[in-house]
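Peer 1: For the sequence shown, the working numbering assigns the number -14 to the initial residue and increments by one for each residue that follows. Idealized CB from N, CA, C, for every residue including glycine.
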Amino acid sequence: LIGLDFYGQFLGEKILRGNHNDPVAIETTLGWVVFGPVNPSPNPTSQVNCAQIENEIEQTLKKFWELDSIGIKPRDENPSQDS
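Below you can see the structure in the form of structure tokens.
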């Protein structure tokens, strides 16, 4: 996610334009960016994407997989040596 205050630093020289209401493509240092209308619709819809990192869950899963990969299990899963 790049804010508009930094967007200009990524812009390249090439711009591809079509006809009126066609998408526009702009070359950037990160690749091509395409924007604009694709299929005008009489019933406009909105879409929202949200990505969120849960650090606590991420760390817990990482620890689980690290322990699992070397064969360490909780005490109640280890066979008792007294039996």
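Do L(-4) and V9 count as a contact pair if the criterion is CB distance below 8 Å?
Peer 2: Taking the sequence shown and counting its residues from 1, one reaches residue 9 at position 24. Taking the sequence shown and counting its residues from 1, one reaches residue -4 at position 11. The answer is no: Cβ separation not under 8 Å.
Peer 1: Going by C-alpha distance, which of G(-7), N40 and L46 is nearest I11?
Peer 2: Against the sequence shown, residue 11 aligns to sequence position 26. The shortest C-alpha separation from I11 is found at G(-7).
Peer 1: In the DSSP assignment, find the beta strand (DSSP E) that holds L(-4) and state where it starts and stops.
Peer 2: By one-based count along the sequence shown, residue -4 stands at place 11. Run containing L(-4): L(-4) to R2, per the beta strand (DSSP E) assignment.
Peer 1: To the nearest angstrom, how far is it from the Cα of F49 to the Cα of N40?
Peer 2: For the purposes of this step, residue 49 is taken as residue 64 along the sequence shown, with counting starting at 1. For the purposes of this step, residue 40 is taken as residue 55 along the sequence shown, with counting starting at 1. Distance between the alpha carbons of F49 and N40: 14 Å.
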